[in-house]
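Just so it is clear: in the sequence shown, position 58 is 58 by UniProt numbering, and no numbers are missing.
Where a beta carbon is used, it is the ideal one built from N, C-alpha and C, also for glycine.
Remember, it's a predicted structure, so these values are computed and weren't measured experimentally.
Data first, discussion second: the structure below is written as structure tokens.
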Amino acid sequence: MTFGLSCCFVSVLLKSRRTLSTEKRLAKMGLWTVFQGFLLLANAFAILNEDRFLGPRGWTLLQLQGGRRTTLKGQIIGFIHACQFFRFPLILLNLVTIVVKLISG
1 MTFGLSCCFV
11 SVLLKSRRTL
21 STEKRLAKMG
31 LWTVFQGFLL
41 LANAFAILNE
51 DRFLGPRGWT
61 LLQLQGGRRT
71 TLKGQIIGFI
81 HACQFFRFPL
91 ILLNLVTIVV
101 KLISG
């Protein structure tokens, strides 16, 4: 009888330990994690090739006429080209992020 209670107690203890570790991981997610996520997204947009990927799909700035830049597609195309234009600042932000991660662990 005591063996059954001790097994039940151990399983409850392990479950509570798992939920605490999950809560700690969620509590750690802050502005730094959000910044890293946006940096990864900007990196992904910066490496898109206009000739191979964007051009065949009609996602170039040349294919957009004046009034169509206010549409959602126009805004996304503008964001992609802004990320491609600001590659040097992206490289610097990546270096800063790498250094901070190396120092902080």
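For the pair Arg-87 and Val-96, the Cα-to-Cα distance works out to about 14 angstroms. The DSSP-derived three-state label of Ile-77 is helix. Closest option to Ala-44, judged by alpha-carbon separation, among Ile-98, Phe-79 and Lys-73: Phe-79.
Residue Phe-35 holds the alpha-carbon nearest to the alpha-carbon of Ile-98 among Lys-28, Phe-35, Gly-30 and Met-29. Counted as a single uninterrupted DSSP element, the stretch harbouring Arg-57 is not any alpha helix (DSSP H), since DSSP gives it neither H nor E.
The three-state reading of DSSP puts Leu-64 in coil, since its state is none of H, G, I, E or B. DSSP places Asn-43 in the uninterrupted alpha helix (DSSP H) bounded by 31-46. Taking a C-beta distance under 8 angstroms as the contact criterion, Ala-46 and Gln-75 do not qualify as a contact pair. For Thr-97, the three-state secondary structure derived from DSSP is helix. In the structure shown, the three-state DSSP call for Phe-53 is helix.
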